[in-house]
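>
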Amino acid sequence: GENVEQHPSTLSVQEGDSAVIKCTYSDSASNYFPWYKQELGKGPQLIIDIRSNVGEKKDQRIAVTLNKTAKHFSLHITETQPEDSAVYFCAKASGNNRLAFGKGNQVVVIP
Amino acid sequence: GAGVSQSPRYKVAKRGQDVALRCDPISGHVSLFWYQQALGQGPEFLTYFQNEAQLDKSGLPSDRFFAERPEGSVSTLKIQRTQQEDSAVYLCASSLAGFNQPQHFGDGTRLSIL
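For the protein sequence lines, the chains are A and B, in the order given.
The first sequence lines up with residues 179 to 289 when you count with this note's numbering.
The second sequence lines up with residues 25 to 138 when you count with this note's numbering.
1. With contact counted as at least three CB pairs below 8 Å, one residue from each stretch, are the segment 193–202 of chain A and the segment 260–275 of chain A in contact?
2. Could you list the residues in the segment 267–280 of chain A with a C-beta less than 7 Å from some C-beta on chain B, going in chain order?
3. What is the DSSP secondary structure of glutamine 284 of chain A, reduced to helix, strand or coil?
4. Going along chain B in order, which residues have a C-beta closer than 7 Å to the C-beta of aspartate 227 of chain A?
5. When you compare the CB positions of aspartate 42 of chain B and glutamine 108 of chain B, do they come within less than 8 Å of one another, or not?
6. Give the C-beta separation of serine 208 of chain A and asparagine 181 of chain A to the nearest angstrom, bearing in mind that I take them to be a contact with Cβ-Cβ under 8 Å.
7. Listing by chain order, which chain B residues have their CB less than 9 Å from the CB of leucine 224 of chain A?
8. Skipping 5 residues on each side, what residues in its chain have a beta carbon closer than 6 Å to that of serine 31 of chain B?
9. Which residue wins for smallest C-alpha separation from asparagine 231 of chain A, given the options A/Ala241, A/Phe211, A/Pro222 and A/Gln238?
10. Roughly how many whole angstroms lie between the Cα atoms of valine 54 of chain B and aspartate 110 of chain B?
11. According to DSSP, valine 36 of chain B sits in a beta bridge with which residue or residues?
12. Which of the three DSSP states is assigned to glutamine 108 of chain B in this structure?
13. Can you pull out the residues from the segment 31–45 of chain B whose beta carbon lies closer than 7 Å to at least one beta carbon of chain A?
14. Can you check which of these residues, B/Gly40, B/Phe57, B/Lys38 and B/Gly66, is closest to serine 29 of chain B by C-alpha distance?
15. Listed in chain order, which residues of the segment 111–123 of chain B have Cβ atoms closer than 7 Å to some Cβ of chain A?
16. So who's on the other strand from alanine 44 of chain B, going by DSSP bridges?
17. Which two residues bound the contiguous beta strand (DSSP E) that contains glutamine 125 of chain B?
18. For serine 272 of chain A and tyrosine 72 of chain B, I'd like the C-alpha separation in whole angstroms.
19. Mind pulling the chain B residues with CB within less than 7 Å of lysine 220 of chain A?
20. Helix or strand or just coil, what does DSSP make of glutamate 95 of chain B?
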């Protein structure tokens with residue numbers, strides 16, 4: 179129930195293109211799904227989150243979609259810019275007092 | 025406003041020494057979390073406080089790890105008799121209330137055990 183799988187592990191995109199990162203989970207009780215961006219030497223920064231009663235949420239160039247039936251959720255970044263280059267972590271919360279994180283995706287935006 | 029503050033940013037210790045890592049959460053945040061992040065991995069849960077009460081310490085890897093938050097604000101993570109496998113980044117996060125509310129992280133303490 180703790181595991182969160184992230185795909186792909188590394189993603190390279192041309193500046194201006196879109197990037198999509200997908201996470202899958204197995205615990206039906208999971209009800210909160212945040213995404214974090216981590217730059218080198220910094221802590222994870224919350225960029226967007228979604229709750230299980232919502233299917234999609236958007237904030238400017240960032241969006242998250244949730245498919246509860248299939249148990250996956252995805253981060254979408256549109257019009258990528260070099261400053262979007264970072265490691266992105268998905269996470270989930272269920273009933274056990276913690277966030278469980280995926281292993282992270284390295285996103286490289288090529289100018 | 026001020027975010028979560030952690031100190032020191034870097035700590036080098038010899039195997040067997042004790043270390044103490046400090047976390048200043050966002051003012052007014054009731055919940056405080058400690059995570060351990062190994063190189064190339066996601067953060068792993070260590071322990072969780074609601075105000076001064078430690079509600080969950082099931083993620084602490086051994087009894088050498090101890091955390092406290094005596095006044096419900098600043099927290100300290102202490103590691104006794106450090107070992108090389110304790111080398112990692114230790115992250116602190118806080119939220120308004122609860123683990124399924126937005127958790128905001130500090131920049132961590134990078135601990136290196138020689």
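The beta carbon of each residue, even a glycine, is placed where N, CA and C say it ideally should be.
With the given structure in hand:
1. yes
2. Phe267, Ala271, Asn275, Arg276, Leu277, Phe279 and Gly280
3. For the purposes of this step, residue 284 of chain A is taken as residue 106 along the first sequence, with counting starting at 1. Correct three-state label for glutamine 284 of chain A: strand.
4. As a working mapping, residue 227 of chain A is identified with position 49 in the first sequence. The answer, in chain order, is Pro126.
5. To locate residue 42 of chain B, count along the second sequence from 1; it is residue 18. To locate residue 108 of chain B, count along the second sequence from 1; it is residue 84. In this structure, glutamine 108 of chain B does not lie closer than 8 Å to aspartate 42 of chain B by Cβ.
6. Here residue 208 of chain A corresponds to residue number 30 of the first sequence, with the count starting at 1. Here residue 181 of chain A corresponds to residue number 3 of the first sequence, with the count starting at 1. The pair is not a contact, with the Cβ atoms about 11 Å apart (cut-off 8 Å).
7. The sequence position of residue 224 of chain A within the first sequence is 46, counting from 1. Under the 9 Å cutoff, chain B gives Pro126, Gln127, His128 and Phe129.
8. What you label residue 31 of chain B is simply residue 7 of the second sequence in a count that begins at 1. Around serine 31 of chain B, the same chain offers Arg46 as residues with beta carbons nearer than 6 Å, after the five sequence neighbours per side are excluded.
9. The count along the first sequence starts at 1 and reaches residue 231 of chain A at position 53. Nearest C-alpha to asparagine 231 of chain A: A/Phe211.
10. Position 30 of the second sequence, counting from 1, holds the residue named residue 54 of chain B. Position 86 of the second sequence, counting from 1, holds the residue named residue 110 of chain B. Those two C-alpha atoms are separated by around 28 Å.
11. Position 12 of the second sequence, counted from the first residue, corresponds to residue 36 of chain B. DSSP lists B/Ser136 as the bridge partner or partners of valine 36 of chain B.
12. Walking along the second sequence from the start, residue 108 of chain B turns up at place 84. Note: glutamine 108 of chain B maps to helix in three-state DSSP.
13. none
14. Taking the first residue of the second sequence as 1, we reach residue 29 of chain B at position 5. That would be B/Phe57, whose Cα lies nearest to the Cα of serine 29 of chain B.
15. Leu115 and Phe123
16. Counted from its first residue, the second sequence places residue 44 of chain B at position 20. Answer is B/Lys102.
17. Working through the second sequence from its first residue, we reach residue 125 of chain B at position 101. Glutamine 125 of chain B -> no beta strand (DSSP E), and no H or E assigned at all.
18. Against the first sequence, residue 272 of chain A aligns to sequence position 94. Against the second sequence, residue 72 of chain B aligns to sequence position 48. Each residue's alpha carbon lies about 14 Å from the other.
19. For the purposes of this step, residue 220 of chain A is identified with residue 42 of the first sequence, where counting begins at 1. The answer, in chain order, is Asp131.
20. Locating residue 95 of chain B in the second sequence gives position 71, counting from the first residue. DSSP places glutamate 95 of chain B in coil when its eight states are reduced to three.
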